[in-house]
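Enquirer: Residue numbers (my numbering): 1334 to 1453.
Each residue gets a CB set at the ideal place from its N, CA and C atoms; glycine is no exception.
One structure, as structure tokens, below. Some questions next.
In structure tokens form, the structure reads like this:
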């Protein structure tokens, strides 16, 4: 009795060989609707994820002004000249360094620096 139960449970016809369960499409219309729905959901998710960065960048458009460093200029002084109202000078210096890909605050005469100007 136990063996018959196990054979039915695993659908075996030969000892040790388990047959794979085969699915039969009963309603083709419903099957195609399901496949189309899954494809649409995956497409929408991928489309949303791929365009996610562009959506955030369009909220604040970052323009920049390019200046040439002259002798005696420091990053602090340059940031003070272009500092928007109610903005911390340290944040402005950090933004300039990030925008220009700088690892440190050293600037030299003749360097071209881009100053980010945020338009809201």
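Would a check of beta-carbon distances place residue 1356 closer than 7 Å to chain C?
Expert: Of the chains in the structure shown, none is chain C; there is only one protein chain.
Enquirer: Look at residue 1430 and residue 1397 and say whether their C-beta atoms are less than 7 Å apart.
Expert: Cβ atoms of residue 1430 and residue 1397: not closer than 7 Å.
Enquirer: Hey, quick one: how far does the alpha helix (DSSP H) through residue 1424 stretch, first residue to last?
Expert: Unbroken alpha helix (DSSP H) run through residue 1424: 1422 to 1433.
Enquirer: Ignore the nearest five residues each way along the sequence and tell me which others in residue 1415's own chain have a CB closer than 6 Å to its CB.
Expert: Here the set comprises 1448.
Enquirer: With a Cβ-Cβ cutoff of 7 Å, do residue 1426 and residue 1413 count as a contact?
Expert: no
Enquirer: Using only CA atoms, which one of 1406, 1362, 1428 lies nearest to residue 1443?
Expert: 1406
Enquirer: Hey, quick one: how far does the alpha helix (DSSP H) through residue 1376 stretch, first residue to last?
Expert: 1361 to 1383 is the span of the alpha helix (DSSP H), which, as asked, contains residue 1376.
Enquirer: If we ignore side chains and look at the alpha-carbon of each, how far apart do residue 1361 and residue 1432 end up?
Expert: 56 Å
Enquirer: Taking residue 1411 as part of the alpha helix (DSSP H), name the residues at either end of that continuous run.
Expert: DSSP places residue 1411 in the uninterrupted alpha helix (DSSP H) bounded by 1408 to 1414.
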